[in-house]
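One line per chain: the protein sequences are B and V, in this order. Counting in our numbering, the first sequence runs from 510 upward without gaps. Counting in our numbering, the second sequence runs from 46 upward without gaps. Below: the structure, in structure tokens.
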Amino acid sequence: MKLNSTKELALMANAIRADIIRMVNAAKCGHPAGPLGLAEIFSVLFFSEMDFDPKNPQKERDIFVLSNGHVCAGSYSAMAHAGYFPPEDLLTFRKFGSPLQGHPSRKYFPFIDNSSGPLGEGLGIACGYAAALRLDNKPQRVYCVVSDGEHDEGSTWEAALFAAKYKLDNLVAIMDRNYIQIDGTTEDVMPLDSIEEKYRAFNWNVISIDGNDIPQILSALKQAKDCKGKPTMIIAKTTPGKGVSYMEKNYKWHGVAPKDEDAAKALSELAAERKKIEQE
Amino acid sequence: MELNTQMHLLNPLSPDLKKDSTREGYGKALLELGEKDSRIVALTADLAESVRVHYFAEKFPQRFFQCGICEQNMAVVAAGLAYAGKIPFLSSFGAFSPGRNWEQIRSAICYGNANAKIVSTHTGLTVGEDGATHQALEDVSLMRSIPNIRVLVPCDFEQAKKAIHAAAKINGPVYVRAGREKMPVFTTQETPFELGKISLYKDGSDISIFASGALVHESLLAAAELEKEGISAAVLNVYDLTEMDNSTIEKYAKKTGAFVTVEDHQIKGGLGSAICESVCETHPVPVHRMGMRMEFGQSGKGSELLKHYGLYSSNIAKVAKEQLKTKKR
Ligand SMILES: Cc1ncc(C[n+]2csc(CCOP(=O)(O)OP(=O)(O)O)c2C)c(N)n1
Ligand SMILES: [Mg+2]
């Protein structure tokens, strides 16, 4: 299912946000801040950019590597709306017996391209996919969502070296640059700036955008396609907890589920936002 | 049920037992140690509160190192601190330390004989909803396979405190396995904790249940169930999995003639293996190893998962009864 207008993509991002709140609230645990900030990126990837067909799983398709697996409430929601499984199942998230594991698992869903949760593995896995597609002369592309916290891990930088060495221009990574991790802001826990300069020094094509701005996401992905001979890193500055006033920019919401009354407040804020988008 | 009085245990069947986690015991003990010894330093990898070193960090900010999500670097930095005379405690989830940084622990800490203490606070199925990737079920095996490191697996909050104090006294590498979930606290300050020893918590003559960590309490409950059916089960707590207490194992092999081992860990390489390795060299008896039967966990509440994988009192009692049939006449 393709959504062609910014408005439709914004409405999808809003629906993803509401799902995230319902899911972590039902599970009574999980990670809301990260995926709330990534909602526009998930919306654009699954409903505009990536080529895939849930009805036709045999068909060759683009690869989606979620490296920061803890934000899966958002990607599960996008996958449900895209038709991989019924949206009702979202509320089984993190519960015993559900395929919607606390961190995404290839064991439970064949359309999930990598099991994740342990940070710092996705970019390397994405390199492997991209190298294989290249070997087989295939046109599909690899999309990797990776977090800023994950850039503490040496393995992420090992993958950055590899991708540049092999000129994996069929790989585009999107970094959730939300400036938070568990114990505080990224710059307090382990300073990363300037991340743009670091990636440039690693010989990547670097594009900086506002990761909550749909036209900017679309245009960065287009620029990535046009870039030959280098992998692309889109540094997407996002607002963690976006759309829920009391969660925004507060690292304490990295991995805490809202209580019922807080969830209700979040959902009413998101419903008001939805009305606004509809009227635009 | 008659407990070994020398162990000063609380009645495991009592509904009034206080509940707390072994990670909390770690955090409290580390704070006590920090007050007494300025060589103690703490490191974590973006999980200060989860691993409970935030108590130490708040009190001794100068001696606390926030390493970021860098488990491998944390292990080698700890080694350097130790070579220079500090006593570092490094902590993360078991899946990442010693999971991700095993080689650094092997070379820089164990081979290098660093006086460093690796404490993991999220281990086993009781990690719960985070699922298979976060449920360290191989950590004891990983650590037991390296020379020159002591491996301690405390069974409750009180014992965790003792394990941490003991770790600080040892001059050399130590691994302590702690857990996330609040569990009944049934040992007391008076309960003995002796390195190299296995503690007999309840004596018995028909079968021996060797348990470690989070499942010692369930094993005592199992013994109570067995007693109702006229079966006398010994329950032994194995908290030091380094060199095994061969004489106690041999004694109970001769006395009971059949063993069950119980752990929140894969059945390969952990307690079950350690008991088999020992008993086969002294007085072989049949051993049934209870634990994860070489599969990955999944999401769910800790208690649901223990139930699903058969790691709860009635099932331990059932397995023990079956195991009686294997005894040589
Ligand atoms: C290897 C590894 N170490 C530690 C963790 C525990 N952990 C889970 S999320 C997280 C913080 C990650 O930072 P980021 O991805 O930027 O988080 P967000 O912005 O979504 O809050 C940590 C330390 C982990 N999952 N994997
Ligand atoms: Mg972040």
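The beta-carbon is built from N, C-alpha and C at its ideal position, and this holds for glycine as well.
Identity of the residues DSSP links to residue i by a beta bridge
| i | result |
| --- | --- |
| V654 of chain B | B:L575, B:I683 |
| H333 of chain V | V:V305 |
| S228 of chain V | With the sequence shown as reference, residue 228 of chain V is identified as Met, and Ser is not the correct amino acid for it. Partner(s): V:D65. |
| M742 of chain B | B:A682, B:V715 |
| L197 of chain V | V:V221, V:D285 |
| I132 of chain V | V:I85 |
| K162 of chain V | V:F134, V:V219 |
| I529 of chain B | For I529 of chain B, which the question treats as bridged, DSSP gives no partner whatsoever. |
| L92 of chain V | Paired residue(s): none; L92 of chain V is not in a bridge. |
| I550 of chain B | I550 of chain B is not bridged to any residue. |
| A181 of chain V | V:T168 |
| P252 of chain V | Correcting the residue identity first, residue 252 of chain V is Ile in this sequence and not Pro. According to DSSP, I252 of chain V bridges with V:A278. |
Secondary structure of residue i, DSSP reduced to three states
| i | result |
| --- | --- |
| N291 of chain V | helix |
| K366 of chain V | helix |
| H310 of chain V | strand |
| S586 of chain B | helix |
| F605 of chain B | coil |
| N282 of chain V | strand |
| L599 of chain B | helix |
| Q111 of chain V | strand |
| A87 of chain V | strand |
| Y755 of chain B | coil |
| S59 of chain V | coil |
| V122 of chain V | helix |
| L677 of chain B | coil |
| K511 of chain B | coil |
| V246 of chain V | The sequence given here places Tyr at residue 246 of chain V; Val does not occur at that position. Strand, per DSSP. |
| I810 of chain B | Nothing about residue 810 of chain B can be read from this structure; chain B reaches only from 510 to 789. |
| T694 of chain B | strand |
| S557 of chain B | helix |
| D645 of chain B | coil |
| G345 of chain V | coil |
| R151 of chain V | helix |
| P563 of chain B | coil |
| V765 of chain B | coil |
| E203 of chain V | helix |
| C581 of chain B | helix |
| P544 of chain B | helix |
| L727 of chain B | helix |
| Y357 of chain V | coil |
| M736 of chain B | According to the sequence shown, residue 736 of chain B is Cys rather than Met. Coil at C736 of chain B, not helix or strand. |
Whole-angstrom C-beta distance between residue j and residue i, which should lie under 8 Å
| i | j | result |
| --- | --- | --- |
| R195 of chain V | V164 of chain V | With a Cβ gap of about 12 Å, R195 of chain V and V164 of chain V do not count as contacting. |
| L575 of chain B | S625 of chain B | 6 Å |
| G176 of chain V | G611 of chain B | 4 Å |
| I691 of chain B | P749 of chain B | I691 of chain B to P749 of chain B, Cβ: 12 Å. No contact. |
| R519 of chain B | I726 of chain B | It is worth fixing the name first, because residue 519 of chain B is Ala in this sequence and not Arg. Contact doesn't hold; Cβ gap of about 11 Å is too wide. |
| I361 of chain V | V305 of chain V | 7 Å |
| A589 of chain B | L600 of chain B | In fact, because the Cβ distance is near 11 Å, the residues do not count as touching under 8 Å. |
| A278 of chain V | A365 of chain V | 6 Å |
| G720 of chain B | K746 of chain B | 6 Å |
| R68 of chain V | R225 of chain V | 6 Å |
| A159 of chain V | A208 of chain V | Rounded, the Cβ-Cβ distance is 19 Å, inconsistent with contact. |
| F141 of chain V | V122 of chain V | With a Cβ gap of about 15 Å, F141 of chain V and V122 of chain V do not count as contacting. |
| V654 of chain B | I634 of chain B | Wrong, their Cβ atoms sit about 12 Å apart, outside the cutoff. |
| Y284 of chain V | Q204 of chain V | 6 Å |
| T171 of chain V | G347 of chain V | 4 Å |
Distance cut-off 7 Å: residue i Cβ against heavy atoms of ligand 3
| i | result |
| --- | --- |
| H579 of chain B | In the structure on display, ligand 3 does not appear, and the ligands it does have are ligand 1 and ligand 2. |
*asked:* Run the Cβ filter for me: residues under 7 Å from any heavy atom of ligand 2, listed in the order they occur in the chain.
replied: My final list is B:G543, B:S656, B:D657, B:G658, B:D685, B:N687, B:Y688, B:I689, B:Q690, B:T695, B:P749.
Check your understanding: Should the stretch 242-253 of chain V be called in touch with the stretch 69-85 of chain V, which here means at least 3 C-beta pairs below 8 Å?
Key -> Verdict: no, contact absent.
The stretch 136-144 of chain V touching the stretch 101-109 of chain V, judged by at least three CB pairs closer than 8 Å = These segments do not touch.
Cβ pair count under 8 Å reaching 3, the stretch 595-607 of chain B against the stretch 658-677 of chain B:
When C-beta atoms of the stretch 595-607 of chain B are compared with those of the stretch 658-677 of chain B, fewer than three pairs fall below 8 Å, so the two segments do not count as touching.
For this session: Report yes or no: do three or more beta-carbon pairs, one from the stretch 645-653 of chain B and one from the stretch 611-621 of chain B, lie closer than 8 Å?
Result: Flag = no, the stretch 645-653 of chain B and the stretch 611-621 of chain B do not touch.
Quick check: the stretch 627-644 of chain B against the stretch 589-596 of chain B, are there 3 or more CB pairs under 8 Å? Contact fails: fewer than three Cβ-Cβ distances are below 8 Å.
Could you check whether the stretch 203-216 of chain V touches the stretch 296-314 of chain V, counting it as contact only if at least three pairs of C-beta atoms, one from each stretch, sit closer than 8 Å?
Short answer: they don't touch.
query: How about the stretch 266-273 of chain V and the stretch 228-240 of chain V: do they share at least three Cβ pairs that are nearer than 8 Å?
result: Not touching, per the Cβ criterion.
message = Three Cβ pairs or more, each shorter than 8 Å: is that satisfied between the stretch 147-159 of chain V and the stretch 738-758 of chain B?
response = No contact exists between the stretch 147-159 of chain V and the stretch 738-758 of chain B.
Q) Looking at C-beta atoms only, is the number of pairs between the stretch 185-195 of chain V and the stretch 627-641 of chain B that lie closer than 8 Å three or more? A) With the cut-off at 8 Å, the stretch 185-195 of chain V and the stretch 627-641 of chain B do not touch.
Are the stretch 579-586 of chain B and the stretch 752-759 of chain B in contact at 8 Å, needing three or more beta carbon pairs?
A contact between stretches requires three or more CB pairs, one per stretch, nearer than 8 Å, and the stretch 579-586 of chain B fails this requirement with the stretch 752-759 of chain B.
Spell out a yes or no on whether the stretch 349-360 of chain V and the stretch 258-265 of chain V are touching, meaning 3 or more CB-CB pairs, one atom from each, closer than 8 Å.
Yes, the stretch 349-360 of chain V touches the stretch 258-265 of chain V.
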